[in-house]
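Visitor:
Numbering (this note's numbering), first residue to last: 2 to 390.
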């Protein structure tokens, strides 16, 4: 098994937060400056209500067309052979081997750096409507370079194949933010969609080839499901989207009466950490499903709401989860009162559907919440509500 949470990036989130106040005003101006409609492209159904944030395509979006600080793309990572950070003798994947953990971090660092760069550019295309086209061009360029290189296509270990799900999810959710910012006939978007959808199909095939593995029913399944749903939305692949939604249903069907996931309880002292990790893709898949008229929040007797409530409660009081897991829960890093802010990003859409006072207090203290694997700054991306169609 592999580590769940990725590193937080509060500096980037703070830079974006300074732009939010003007973004909504500029979005209103965009409506007044609307350009003639471009040729229609496939209408994706991603989780973000982008047009509410930036307005329809308009001249405003190209007021700043050059000079944005687009980062240089790192060398594409085509193959990855990461191993789990856990002691290989520990079949429950509870005890971390520090040498293995250091090796894991080193190998995935270039991919994480790339994902952060893509997500930041995509987020800025939303946060800065006056430079939307320029930032979208930046993000598309970063994505297309790796697409043309066939990046992330040679996963050489089980761990590498499983963790790729969160990487594909983040990249696909970033690409969905570009929307109609680029020309409908821009060839890069077709290449990007084909690349990410191909990787998601490969992940689906790997998970489906191991039906008895716990990872095919636990958090890695949900992350690969989010990758499929997001990449499928980008590429217009209904079968991928359906598999992603079914992946969430596999998790929701397991939520017990107390709101716990048995396979995450099996992680013993790490049960709380892995519940927090597991709920993030489930919520985002539910948002993609909602944009297609499906209410995953209501399924299995409101299992997602029960799970969310249990996870929120466990942050302040881990004892019920500890009792269910059979082990005291690890404290948060540095004895903090809660997890890093990025690990609470799922609360942005969740609390709009399921009000919870404890959750609202946690979210208020954590904002802005930015999680690359969920598409970045969810405080920004859900600031104008949900994408129910």
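We put the CB at the ideal spot given by N, CA and C, even for glycine.
When the Cα atoms are used, what is the spatial distance from residue 301 to residue 150?
Guide: On the chain shown, position 300 is the one that residue 301 refers to. On the chain shown, position 149 is the one that residue 150 refers to. Each residue's Cα considered, the two are about 42 Å apart.
Visitor: Would you mind sorting residue 31 into buried or exposed? The rule is 16 or more other CB atoms within 10 Å of its CB.
Guide: Your numbering for residue 31 matches position 30 in the chain shown. Low confidence applies here, because residue 31 scores a pLDDT of 43, under 50, leaving its location unreliable; read the following figure in that light. With 16 or more other Cβ atoms within 10 Å, it is buried.
Visitor: Counting along the chain, where does the alpha helix (DSSP H) carrying residue 276 start and finish?
Guide: Walking along the chain shown from the start, residue 276 turns up at place 275. Residue 276 -> alpha helix (DSSP H) spans 272-291.
Visitor: Out of 334, 180, 184, 164, state which residue places its alpha-carbon closest to the alpha-carbon of residue 201.
Guide: Taking the chain shown and counting its residues from 1, the one referred to as residue 201 is at position 200. It is 164.
Visitor: Return the first residue and the last residue of the alpha helix (DSSP H) that residue 245 is part of.
Guide: In the chain shown, the residue the question calls residue 245 occupies position 244. 239-253 is the span of the alpha helix (DSSP H), which, as asked, contains residue 245.
Visitor: Taking only three categories from DSSP, how would you classify residue 127?
Guide: Mapped onto the chain shown, residue 127 falls at position 126. Note: residue 127 maps to helix in three-state DSSP.
Visitor: So, under 8 Å CB-CB, residue 147 and residue 77 are touching, yes? Tell me the CB distance rounded to an integer number of Å.
Guide: Here residue 147 refers to the residue found at position 146 of the chain shown. Here residue 77 refers to the residue found at position 76 of the chain shown. Sure, about 5 Å apart at Cβ, within 8 Å.
Visitor: In the DSSP assignment, find the unbroken alpha helix (DSSP H) run with residue 142 in it and report its ends.
Guide: On the chain shown, residue 142 is found 141 positions in, with the first residue counted as 1. Residues 133-150.
Visitor: Starting from residue 352, trace the alpha helix (DSSP H) in both directions and tell me its first and last residue.
Guide: The count along the chain shown starts at 1 and reaches residue 352 at position 351. Segment 348-354, the alpha helix (DSSP H) holding residue 352.
Visitor: Can you name the residues that DSSP bridges to residue 156?
Guide: Taking the first residue of the chain shown as position 1, residue 156 is located at position 155. Per DSSP, 81.
Visitor: Helix, strand or coil for residue 220? Go by DSSP, reduced to three states.
Guide: By 1-based counting over the chain shown, the position of residue 220 is 219. Residue 220: helix per DSSP, three-state reduction.
Visitor: Between the segment 292-312 and the segment 181-200, do three or more beta carbon pairs fall short of 8 Å?
Guide: Short answer: they don't touch.
Visitor: Relative to the C-alpha of residue 231, which residue among 215, 219, 248, 218 is closest?
Guide: By one-based count along the chain shown, residue 231 stands at place 230. If we check each option's Cα against that of residue 231, 248 comes out closest.
Visitor: Mind checking whether residue 140 and residue 126 have CB atoms under 8 Å apart?
Guide: Indexing the chain shown from 1 puts residue 140 at position 139. Indexing the chain shown from 1 puts residue 126 at position 125. Result yes, Cβ atoms of residue 140 and residue 126 sit closer than 8 Å.
Visitor: Less than 8 Å between the CB atoms is what I'm expecting for residue 348 and residue 360, so what's the real figure, rounded?
Guide: Residue mapping note: residue 348 aligns to position 347 of the chain shown, counting from 1. Residue mapping note: residue 360 aligns to position 359 of the chain shown, counting from 1. So it is a contact: roughly 5 Å between Cβ atoms.
Visitor: Please classify residue 256: does DSSP put it in a helix, a strand, or coil?
Guide: Within the chain shown, residue 256 is the residue found at index 255, counting from 1. Reduced to three states, the DSSP call for residue 256 is coil.
Visitor: Starting from the C-beta of residue 228, find all residues in its chain whose C-beta is less than 7 Å away, skip the five residues before and the five after it, and write them out in chain order.
Guide: As a working note, residue 228 is residue 227 in the chain shown. Closer than 7 Å at Cβ, skipping near neighbours: 166, 169, 170, 173, 201, 204.
Visitor: If you compare alpha carbons, which of 106, 233, 120, 83 is closest to residue 159?
Guide: Looking up residue 159 in the chain shown gives position 158. Among 106, 233, 120, 83, the Cα nearest to that of residue 159 belongs to 83.
Visitor: From this set, 75, 50, 116, 61, which residue's C-alpha is nearest residue 135's C-alpha?
Guide: In the chain shown, counting from the first residue as 1, residue 135 sits at position 134. Answer by Cα proximity: 61.
Visitor: Here's a check: name, in chain order, each residue in its chain whose Cβ is nearer than 7 Å to the Cβ of residue 38, leaving out the five neighbours to either side.
Guide: Position 37 of the chain shown holds residue 38. Any reading at residue 38 must be qualified, since the residue scores a pLDDT of 33, below 50, and its modelled position is unreliable; no value is offered.
Visitor: Does the structure place the segment 275-285 close enough to the segment 238-258 that three or more beta carbon pairs sit under 8 Å?
Guide: Touching, yes.
Visitor: So, helix, strand or coil for residue 100, using DSSP?
Guide: As a first step, residue 100 must be located in the chain shown, where it is residue number 99. DSSP places residue 100 in helix when its eight states are reduced to three.
Visitor: Ends of the alpha helix (DSSP H) at residue 326?
Guide: Position 325 of the chain shown, counted from the start, is the residue given in the question as residue 326. Per DSSP, residue 326 belongs to the alpha helix (DSSP H) from 320-326.
Visitor: Along the chain, where does the alpha helix (DSSP H) that runs through residue 398 open and close?
Guide: This structure gives no information on residue 398, because the portion of the chain shown stretches from 2 to 390.
Visitor: Taking contact to mean 3 or more Cβ pairs, one atom from each stretch, closer than 8 Å, check whether the segment 351-370 and the segment 96-103 are in contact.
Guide: No: fewer than three Cβ pairs fall under 8 Å.
Visitor: Reducing DSSP to helix, strand and coil, say where residue 66 ends up.
Guide: Residue numbering aside, residue 66 sits at position 65 when the chain shown is read from its first letter. Coil.
Visitor: Considering only residues of the same chain and omitting the five flanking positions on each side of residue 240, which have a CB-CB separation below 8 Å?
Guide: As a working note, residue 240 is residue 239 in the chain shown. Cβ neighbours of residue 240 beyond the five flanking positions: 233.
Visitor: Using CA coordinates, which residue listed in 182, 157, 90 is at the minimum distance from residue 131?
Guide: By one-based count along the chain shown, residue 131 stands at place 130. Nearest C-alpha to residue 131: 182.
Visitor: Nearest-angstrom Cα distance between residue 123 and residue 258?
Guide: Position 122 of the chain shown, counting from 1, holds the residue named residue 123. Position 257 of the chain shown, counting from 1, holds the residue named residue 258. Near 39 Å, if we compare the C-alpha coordinates of residue 258 and residue 123.
Visitor: Count the other C-beta atoms from every protein chain shown that fall within 10 angstroms of the C-beta of residue 112, then say buried if there are 16 or more, exposed otherwise.
Guide: In the chain shown, residue 112 corresponds to position 111, counting from 1. Label assigned to residue 112: buried.
Visitor: Please classify residue 384: does DSSP put it in a helix, a strand, or coil?
Guide: Locating residue 384 in the chain shown gives position 383, where the first residue counts as 1. Residue 384 falls in the coil class under three-state DSSP.
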